[in-house]
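Trainee: These protein sequences, in sequence, are chains A and B.
Numbering-wise, our numbering puts 106 at position 110 of the first sequence, and it's gapless, one number per residue.
Add 1 to the 1-based position in the second sequence for our numbering, that's all there is to it.
Just so it is clear, CB atoms sit at the ideal spot from N, CA and C, and this is done for glycine as well.
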Amino acid sequence: MLLDVDNITVHYGRLAALRGISVTVEEGEIVCVVGPNGAGKSTTLLAISGVLHPTDGAVTFDGKNIAGMSPEAVARAGISQVPEGRHVFTTLNVEENLRIGTRMRKDRAEIEKDYKRVLELFPVLAERRRQPAGKLSGGEQQMLVIGRALLTSPRIMTIDEPSLGLAPNLVDRVYEVLLELRRNRGLTLLIVEQSSERALKAADRLYVLRSGEIQLEGKAADLQDGKRVRQAYFGFEEGVTHEGEVDF
Amino acid sequence: MIEANTPLLRKVRYFWPLIVLCLGLLIIVAIVDSTGDIILAQTLVEGLVRIVIVVAIYMFVGNSGIISFGHIGFVLIGAYATAWQTCCPYTREMFMPGLPTYLLNNSHHFVLAIFLGGVLAAVVALIAGFAIMRLTGIAASIGTFAFMMVFYSAYLRWSTWTSGASSVIGLPTTTTPWVGYAYAVVTITAAFLFTRSKWGLALRSSRDDEVAAKASGVNVFGQRLLAFVISAFFCGMAGGLFGHFLGMLTVDSFYLGMTFITLSMLVVGGMQSLAGAVIGVVVISVVIDVLRRLETGIGGFSIPSSSAEVGVGLILLLILILRSSGITGNAEIYWPFKRDVSSEGALRRQS
């Protein structure tokens, strides 16, 4: 098991945002965590990445306990993070943004190859290499952040809401790229997603999180009809609300 | 037409922002030197020392995005540390009787003394920064201010080493225009190289987005501390230069007045650009000089005294309101000719 989040509890002050949740990710897997607003999805990623520290439970990455480590130490251990909301370095140009991704690495020749690959993957970034990242469109910024995370040569990439604030065709493109990366490079992914429909399409396994607890987990293949996912997502039986009112 | 992609030309293009600044200053120094005007030369040297200070502050403030109100504390430390080594060999014991025997009996060469002054400032920055750099945003700024207060008050009372509230007089006035120019060029070059280094890049990334910088593995605290120490080193050297320009030192001259002037210069020029730091000093120095001359009166016309400070304050306000990114708009002076945009060249430059 590559990443093992075991029964963690996270508090914001006295408020428990996560109450004993467990998530595991195997090497080469795509795992999605879905859930409504305020369910604790982002909190889960923040607890893994070291921004928040769990008050209880353990986070094990590749056999090492990483709970309590600083964000940069977690990043150095091989978990690259794409935080929510397209965190590009606005005054740095595209090339410099990408170079930040490579700064933890020593393998110069490989960096060069990876850099070229990222530019091939996102041709628009190659075109705008000299432009400040703040001038890119939302979709381009999301590509840039993913490209930067890729250049850290991660063992696992965690992404918080890749679809947030993007036009649907751009979201398609982002997911295409993510699936392609898994197919061609065996990238392991842990994705937080609000849309269970997207998650069911992309993931191997998914977890439904609500009110800081895991409501449901399973293989995406077994959950394709969506009924159990929706029930776990909203916490009530289907039919109580009118079909169609609920937009996924 | 020059061949567009020779290695030499590429180097020139890379270092262009640096070359322009150094050549520009060279022209100014050469012109002033040739006029032989002593008053003008004084203004020039003061301006060059301020360039060292403001560019040193830029190294930290411009790249980290944390405003420092405390860097004049490092100038103070460097100034007195230099004086301990060079000042007035016959009266040193009178001004600063508390100095250790070695310092009372030995003098160092000006260049070595200034260097050691910078080193002392850097060591102090390392210790102080270890606490202050853990803070972010306005808390860090206030922290640097508190740091300066501590050193100002301590040096004011520490009369056996600093002569306290009275002056230390008799430093050799070795800071000539050309010496000032040499230190300005060294500092500007260091700032240029630091900003473009991988450490400078990491620091600038944390300025834009601290969360993402950490997520990319940047040790934000460590990068800030490094920049703080380097910039303190150059501020300390500037202190030594300043003492050897005036020929005397008072603790009071390294306090709020100098903090205000130097930060104004940085803000007016453009806080996030090296060109801004240099141009800010040049512009504000010229304005101050013109107003000072008007204060003393030209051809029967004069303006009230202290108009220079008022003028600087007004310019600062105008810049903040009308053009908050400064005269340069936070940009550097780029290669004015068409740049080669082939991806080939760019990829090779990557390695």
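#1: What residue from Leu157/B, Phe302/B, Gly298/B, Arg293/B has the CA that sits closest to Ser308/B's CA?
#2: For Lys197/A, count the other beta carbons within 10 Å of its own beta carbon; 16 or more makes it buried, fewer makes it exposed. Which is it?
#3: Exposed or buried, Thr263/B, counting other C-beta atoms within 10 Å across all chains shown (16 or more means buried)?
#4: Figure out for me which residue from Ser274/B, Ser164/B, Val112/B has the closest Cα to the Cα of Asn64/B.
#5: Could I get the ranges of all uninterrupted alpha helix (DSSP H) runs contained in the region 282 to 330 of chain B, with 4 residues as the minimum, in chain order?
#6: Taking the beta carbon of Gly66/B as the centre, do at least 16 other beta carbons fall within 10 Å, making it buried, or is it exposed?
#7: Please list, in chain order, the chain B residues whose beta carbon lies closer than 8 Å to that of Ile96/A.
#8: Can you tell me the Cα-Cα spacing of Phe146/B and Pro101/B, whole angstroms?
#9: With 16 as the cutoff for other CB atoms within 10 Å, does Val151/B come out buried or exposed?
#10: Cys28/A by DSSP, collapsed to three states: which one?
#11: Is it true that the CB of Ser206/B sits closer than 8 Å to the CB of Val187/B?
#12: Taking Thr148/A as the query, report the chain B residues whose CB atoms sit under 7 Å from its CB, ordered along the chain.
#13: Please classify Ala232/A: does DSSP put it in a helix, a strand, or coil?
#14: Between the Cα of Tyr184/B and those of Val50/B, Val283/B, Val30/B, Glu333/B, spot the shortest distance and give me the residue it belongs to.
#15: Check whether the region 125 to 134 of chain A touches the region 86 to 102 of chain A, taking contact to mean three or more Cβ pairs, one atom from each stretch, closer than 8 Å.
#16: Do Gly36/A and Gly143/A count as a contact pair if the criterion is CB distance below 8 Å?
#17: With DSSP as the reference, label His7/A as helix, strand or coil.
#18: Quick one: measure Cβ to Cβ for Cys23/B and Ile189/B, integer angstroms, because I've assumed they're closer than 8 Å.
#19: Could you run through the region 264 to 281 of chain B and flag, in chain order, every residue whose CB is less than 9 Å away from some CB of chain A?
#20: Buried or exposed for Met238/B, going by 16 or more other Cβ atoms inside 10 Å?
#21: Kindly list, in the order they appear in chain B, the residues whose Cβ is closer than 7 Å to that of Pro67/A.
#22: Could you compute how far the alpha carbon of Ala132/B sits from the alpha carbon of Arg226/A?
#23: Among Glu189/A, Asp103/A, Gly59/A, whose alpha-carbon lies nearest the alpha-carbon of Gly31/A?
#24: Could you name the residues that DSSP lists as bridge partners for Arg201/A?
#25: Using the Cα positions of Met249/B and Val221/B, report the straight-line distance between them to the nearest angstrom.
#26: In chain A, which residues lie less than 7 Å from Lys199/B when you measure between Cβ atoms?
#27: On a CA-only basis, which of Ser192/A, Ser149/A, Pro150/A, Arg178/A is nearest Glu157/A? Give me that one, please.
#28: Is it buried or exposed for Phe302/B, if we count other Cβ within 10 angstroms and need 16 for buried?
#29: Excluding the 5 residues preceding and the 5 following Ala13/A in the sequence, name in chain order all residues of the same chain whose CB lies nearer than 8 Å to its CB.
#30: Identify which residue in Val230/B, Leu10/B, Ile32/B, Leu26/B has its Cα closest to the Cα of Gly74/B.
#31: Go through its chain and collect everything with a Cβ distance to Trp17/B's Cβ below 8 Å, but skip five positions before and after it.
#32: Please state whether the Cβ-Cβ distance between Ala117/B and Gln86/B is less than 8 Å.
#33: By the 10 Å Cβ neighbour count, where 16 or more other Cβ atoms means buried, how is Ile299/B classified, buried or exposed?
#34: Cβ of Phe85/A less than 8 Å from any chain B Cβ?
#35: At the level of alpha carbons, what is the spacing between Ala166/B and Leu113/B?
#36: Quick check on this structure: which residue in Val33/B, Met97/B, Ile115/B has the alpha carbon closest to the alpha carbon of Gly244/B?
Mentor: Taking the structure as given:
#1: For the purposes of this step, residue 308/B is taken as the residue at position 307 of the second sequence. Residue Arg293/B is the option with its Cα nearest to Ser308/B.
#2: Walking along the first sequence from the start, residue 197/A turns up at place 201. Its Cβ having fewer than 16 others within 10 Å, Lys197/A is exposed.
#3: In the second sequence, residue 263/B corresponds to position 262, counting from 1. So Thr263/B counts as buried.
#4: For the purposes of this step, residue 64/B is taken as residue 63 along the second sequence, with counting starting at 1. It is Ser274/B.
#5: 308 to 323
#6: Translated into the one-based positions of the second sequence, residue 66/B becomes position 65. By the 10 Å Cβ count, Gly66/B comes out buried.
#7: Start at 1 with the first residue of the first sequence, and residue 96/A comes out as number 100. Result: Leu202, Ala203, Ser206, Ala214, Ser217, Val219.
#8: Within the second sequence, residue 146/B is the residue found at index 145, counting from 1. Within the second sequence, residue 101/B is the residue found at index 100, counting from 1. Phe146/B and Pro101/B: Cα-Cα distance of roughly 30 Å.
#9: Translated into positions along the second sequence, residue 151/B becomes position 150. By the neighbour-count rule (16 or more Cβ atoms within 10 Å), Val151/B is not buried but exposed.
#10: The residue you call residue 28/A lines up with position 32 of the first sequence. Strand, per DSSP.
#11: Residue 187/B sits at position 186 when you count from the first residue of the second sequence. Residue 206/B sits at position 205 when you count from the first residue of the second sequence. No; because the gap between Cβ atoms is not below 8 Å, this pair is not in contact.
#12: The residue given as residue 148/A occupies position 152 in the first sequence. Ser217, Gly218, listed in chain order.
#13: As a first step, residue 232/A is located in the first sequence; it is residue number 236 there, counting from the start. Checking the sequence shown, residue 232/A turns out to be Phe, not Ala. Looking at Phe232/A - three-state DSSP - the assignment turns out to be coil, as it is neither helix nor strand.
#14: By one-based count along the second sequence, residue 184/B stands at place 183. Nearest option by C-alpha distance: Val50/B.
#15: yes
#16: For this step, residue 143/A is matched to residue 147 along the first sequence. For this step, residue 36/A is matched to residue 40 along the first sequence. Contact: no.
#17: Numbered from its first residue, the first sequence carries residue 7/A at position 11. DSSP places His7/A in strand when its eight states are reduced to three.
#18: Taking the first residue of the second sequence as position 1, residue 23/B is located at position 22. Taking the first residue of the second sequence as position 1, residue 189/B is located at position 188. At roughly 6 Å, the Cβ-Cβ gap stays under 8 Å, so Cys23/B and Ile189/B are in contact.
#19: Gln273
#20: For the purposes of this step, residue 238/B is taken as the residue at position 237 of the second sequence. By the neighbour-count rule (16 or more Cβ atoms within 10 Å), Met238/B is buried.
#21: Along the first sequence, one-based indexing puts residue 67/A at 71. Simply Lys215, Ala216.
#22: Residue numbering aside, residue 132/B sits at position 131 when the second sequence is read from its first letter. Residue numbering aside, residue 226/A sits at position 230 when the first sequence is read from its first letter. Rounded to whole angstroms, Ala132/B to Arg226/A spans 50 Å at the Cα level.
#23: Taking the first sequence and counting its residues from 1, the one referred to as residue 31/A is at position 35. Measuring from the Cα of Gly31/A, the nearest candidate turns out to be Glu189/A.
#24: As a working mapping, residue 201/A is identified with position 205 in the first sequence. According to DSSP, Arg201/A bridges with Val27/A, Lys215/A.
#25: Counted from its first residue, the second sequence places residue 249/B at position 248. Counted from its first residue, the second sequence places residue 221/B at position 220. Roughly 39 Å separates the two Cα atoms.
#26: For the purposes of this step, residue 199/B is identified with residue 198 of the second sequence, where counting begins at 1. Those within 7 Å of Lys199/B in chain A are Arg99.
#27: Along the first sequence, read from residue 1 onward, the residue named residue 157/A stands at position 161. Among Ser192/A, Ser149/A, Pro150/A, Arg178/A, the Cα nearest to that of Glu157/A belongs to Ser192/A.
#28: Counting from one through the second sequence, the residue named residue 302/B turns up at place 301. It is exposed - the Cβ of Phe302/B has fewer than 16 other Cβ atoms within 10 Å.
#29: The count along the first sequence starts at 1 and reaches residue 13/A at position 17. Excluding sequence neighbours, Ala13/A sits near Val6, His7, Gly36, Thr39, Gly208.
#30: Looking up residue 74/B in the second sequence gives position 73. With distances taken between Cα atoms, Gly74/B lies closest to Val230/B.
#31: Taking the second sequence and counting its residues from 1, one reaches residue 17/B at position 16. Contacts found: Ile334, Tyr335, Trp336.
#32: Looking up residue 117/B in the second sequence gives position 116. Looking up residue 86/B in the second sequence gives position 85. The displayed chain sequence assigns Leu, not Ala, to residue 117/B. Taking 8 Å as the Cβ cut-off, Leu117/B and Gln86/B qualify as a contacting pair.
#33: The count along the second sequence starts at 1 and reaches residue 299/B at position 298. Exposed: under 16 other Cβ atoms inside 10 Å.
#34: By 1-based counting over the first sequence, the position of residue 85/A is 89. True, the Cβ-Cβ gap to chain B drops below 8 Å.
#35: Sequence index remark: in the second sequence, residue 166/B carries index 165 (1-based). Sequence index remark: in the second sequence, residue 113/B carries index 112 (1-based). Going from the Cα of Ala166/B to the Cα of Leu113/B covers about 27 Å.
#36: Within the second sequence, numbered from 1, the residue matching residue 244/B stands at position 243. Answer by Cα proximity: Ile115/B.
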